[in-house]
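Heads up: the structure comes next, in structure tokens.
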Amino acid sequence: MRQLVILGTASQVPTRTRNHNGYLLRWDGEGFLFDPGEGTQRQMIHAGVSANQITRICLTHVHGDHCFGLPGVLSRMALDGVAHPVHLHYPASGEDTVRSLVSVSSPGIDLRLHPHGAGGTVAEGLDVRPLQHRIETYGYRLAEPDGRTLLAERLAAAGVSGPDVGRLQREGTLAGVRLEDVSVPRPGQGFAFVMDTAPCAGAEELADGVDLLVAESTFSNDDAGLARQYRHLTAGRRGSWRQVRASAPLS
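Numbering (full-length UniProt numbering), first residue to last: 1 to 251.
Structure representation (structure tokens):
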């Protein structure tokens, strides 16, 4: 199952109708929690998100509206007896802030800290790229490997059915039938998360060709000067990026 649950979208301060940032991505048995701002634990209750679903927490940077919800989330995970390891990814320069937030959380979970100080792969299928904000900031990109889509008519013509279909997928050949003979290429799905940043190459690299993109646009086009001053995107500048790939919904 692949599904994005939006827990909050408010920047800097929450409003009466919008909570601070918080995004839970369900992705093939894992739960990625991005930028849990203040109040994220309560928003999870409203959205029906169990603390046990979270396997990774990804912080773009350590401004409060992107991380002040961390102690509450971690404490709830401890209260609920989450047994699996929980991986926390964050910029290396935010080490002191992250450790302070962790220190006021209830103990009892297997929390593993993963600071990163450059772009690259930080976990299987999960990459980061540097963004341009007022402090060290990274965006995230999650991608699955490319695969192949089996064609029923070709399988039938080749006489492949039942358990042999799975065997062909695993081994690549079966009784002279090649996987590529009965299937077509299928690009792997991708997701990108781009928060507070000025326009930059890293943001465009993350967004290029993904199926689902979450990106900030804190300022309107009329406030482009403020966007430059505080290193944010405008709605118009975000809209000028190359289009994300048209595809079926995440599933």
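Just so it is clear, CB atoms sit at the ideal spot from N, CA and C, and this is done for glycine as well. Just so we're clear, the structure is a prediction, and the values are computed from it rather than from any experiment.
> Run through DSSP, which three-state label would His87 get?
Replying inline: Your numbering for residue 87 matches position 87 in the sequence shown. Strand.
> Arg42 by DSSP, collapsed to three states: which one?
Replying inline: Residue 42 sits at position 42 when you count from the first residue of the sequence shown. DSSP places Arg42 in helix when its eight states are reduced to three.
> With 16 as the cutoff for other CB atoms within 10 Å, does Ala92 come out buried or exposed?
Replying inline: Residue numbering aside, residue 92 sits at position 92 when the sequence shown is read from its first letter. Its Cβ having fewer than 16 others within 10 Å, Ala92 is exposed.
> Along the chain, where does the beta strand (DSSP E) that runs through Ala96 open and close?
Replying inline: Against the sequence shown, residue 96 aligns to sequence position 96. This sequence places Asp at residue 96; Ala is not what is there. Counting along the chain, Asp96 falls outside any beta strand (DSSP E), though it belongs to the alpha helix (DSSP H) covering Glu95 to Ser103.
> With DSSP run on the structure shown, which of helix, strand or coil describes Leu226?
Replying inline: Indexing the sequence shown from 1 puts residue 226 at position 226. Here Leu226 sits in helix by DSSP.
> Between the region 136 to 144 and the region 171 to 189, do three or more beta carbon pairs fall short of 8 Å?
Replying inline: yes
> In the region 114 to 199, which residue ranges form an unbroken alpha helix (DSSP H) of at least 4 residues, counting only runs that do not cross its ends?
Replying inline: 152 to 158 and 163 to 171
> Using the rule of at least 16 other Cβ atoms within 10 Å of the residue's Cβ for burial, across every protein chain shown, is Ala227 buried or exposed?
Replying inline: Position 227 of the sequence shown, counted from the start, is the residue given in the question as residue 227. Its Cβ being crowded by 16 or more others within 10 Å, Ala227 is buried.
>> Quick check on this structure: which residue in Glu205, Gly37, Ala198 and Leu233 has the alpha carbon closest to the alpha carbon of Gln132?
In response: Taking the sequence shown and counting its residues from 1, the one referred to as residue 132 is at position 132. Per the Cα distances, Ala198.
>> According to DSSP, Arg56 sits in a beta bridge with which residue or residues?
In response: Taking the first residue of the sequence shown as position 1, residue 56 is located at position 56. DSSP output for Arg56 lists Phe32 and His87 as bridge partner(s).
>> Let's see if you can read the secondary structure: which residues bound the alpha helix (DSSP H) around Leu70?
In response: On the sequence shown, position 70 is the one that residue 70 refers to. Counting along the chain, the alpha helix (DSSP H) containing Leu70 begins and ends at Leu70 to Leu79.
> What residue from Arg129, Ala152, Leu7 and Gly159 has the CA that sits closest to Leu25's CA?
Replying inline: For this step, residue 25 is matched to residue 25 along the sequence shown. If we check each option's Cα against that of Leu25, Leu7 comes out closest.
> According to the neighbour-count rule (16 or more other Cβ atoms, all chains shown, within 10 Å of its Cβ), is Ile135 buried or exposed?
Replying inline: Residue mapping note: residue 135 aligns to position 135 of the sequence shown, counting from 1. Its Cβ having fewer than 16 others within 10 Å, Ile135 is exposed.
> Where do the ends of the alpha helix (DSSP H) carrying Gly8 lie?
Replying inline: As a working mapping, residue 8 is identified with position 8 in the sequence shown. Note, Gly8: premise wrong, no alpha helix (DSSP H); beta strand (DSSP E) at Arg2 to Gly8.
> Is the beta carbon of Gly37 sitting closer than 8 Å to the one on Ala78?
Replying inline: As a first step, residue 37 is located in the sequence shown; it is residue number 37 there, counting from the start. As a first step, residue 78 is located in the sequence shown; it is residue number 78 there, counting from the start. Going by C-beta atoms, Gly37 is not nearer than 8 Å to Ala78.
> Under three-state DSSP, which class holds Asp206?
Replying inline: Sequence index remark: in the sequence shown, residue 206 carries index 206 (1-based). Position check: residue 206 holds Leu in this sequence, whereas Asp was assumed. Of the three classes helix, strand and coil, the one that applies to Leu206 here is helix, per DSSP.
> Going by beta carbon distance, what residues of the same chain come within less than 6 Å of Ile57, once the five residues before and after it are set aside?
Replying inline: Taking the first residue of the sequence shown as 1, we reach residue 57 at position 57. The residues are Leu33 and Leu88.
>> Can you tell me whether Leu213 is buried or exposed? The criterion is at least 16 other CB atoms within 10 Å of its CB, across all chains shown.
In response: The residue labelled residue 213 in the question sits at position 213 within the sequence shown. Result: buried.
> What does a CB cutoff of less than 6 Å around Leu4 pick up in its chain, not counting 5 residues either side in sequence?
Replying inline: Within the sequence shown, the letter at position 4 stands for residue 4. Cβ within range, chain order: Leu25.
> Touch check for the region 40 to 56 and the region 206 to 225: three-plus C-beta pairs under 8 Å?
Replying inline: no
> Distance, Cα to Cα, Thr15 vs Thr9?
Replying inline: Residue 15 sits at position 15 when you count from the first residue of the sequence shown. Residue 9 sits at position 9 when you count from the first residue of the sequence shown. Cα to Cα, Thr15 sits roughly 10 Å from Thr9.
> Under the rule that 16 or more other beta-carbon atoms within 10 Å means buried, what is Val184, buried or exposed?
Replying inline: Locating residue 184 in the sequence shown gives position 184, where the first residue counts as 1. Val184 should be labelled exposed.
> Hey, how far is the Cα of Ala175 from the Cα of Leu206?
Replying inline: As a first step, residue 175 must be located in the sequence shown, where it is residue number 175. As a first step, residue 206 must be located in the sequence shown, where it is residue number 206. Approximately 42 Å between the Cα atoms of the pair.
> If Asp96 and Cys67 are in contact, beta carbons under 8 Å, what's the gap, nearest whole angstrom?
Replying inline: Counted from its first residue, the sequence shown places residue 96 at position 96. Counted from its first residue, the sequence shown places residue 67 at position 67. Contact flag wrong, Cβ pair sits at about 12 Å.
> Which residues in the same chain as Ser247 place their Cβ atom closer than 6 Å to its Cβ, once the five residues preceding and following it in sequence are excluded?
Replying inline: Taking the first residue of the sequence shown as 1, we reach residue 247 at position 247. With a pLDDT of 46 at Ser247, under the threshold of 50, the predicted position of this residue should be treated as unreliable, and no value is reported.
>> Which residue wins for smallest C-alpha separation from Ser98, given the options Ala118, Ala158 and Thr60?
In response: If you number the sequence shown from 1, residue 98 lands on position 98. The amino acid at residue 98 is misidentified as Ser; the sequence shows Val. Cα-wise, what sits closest to Val98 is Thr60.
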